[in-house]
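In the working numbering, the protein residues as written are 3 to 75.
Here a beta-carbon is modelled for each residue, glycine too, at the ideal position from N, C-alpha and C.
Here the structure comes first, spelled out in structure tokens, and everything after it is commentary.
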């Protein structure tokens, strides 16, 4: 499960960086692979989405801060 968490986290970071680039510059990483409609880009987008779903499902078990009473921040 640790490997799935690491892969999901890396994909989540890649997606976040892509969204930041799109918001700041109007350019997205998918353009390197033939645009957002290209098969390779769509596969990458699906993998990033699956990575986000993996993080949603496995985050609490992998995070040392979640589920622990921390008090106020």
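Scanning 68, 51, 62 and 66 for the CA closest to the CA of residue 10 turns up 51. Distance from the CA of residue 21 to the CA of residue 29, rounded to the nearest whole angstrom, comes to 9 Å.
Taken through DSSP and simplified to helix, strand or coil, residue 44 comes out as helix.
Minimum Cα-Cα distance from residue 12 among the listed residues 63, 56 and 66 corresponds to 56.
Between residue 32 and residue 46, the C-beta spacing is below 8 Å. The residues 50, in chain order, have a CB closer than 6 Å to that of residue 17 in the same chain once the five nearest residues on each side in sequence are set aside.
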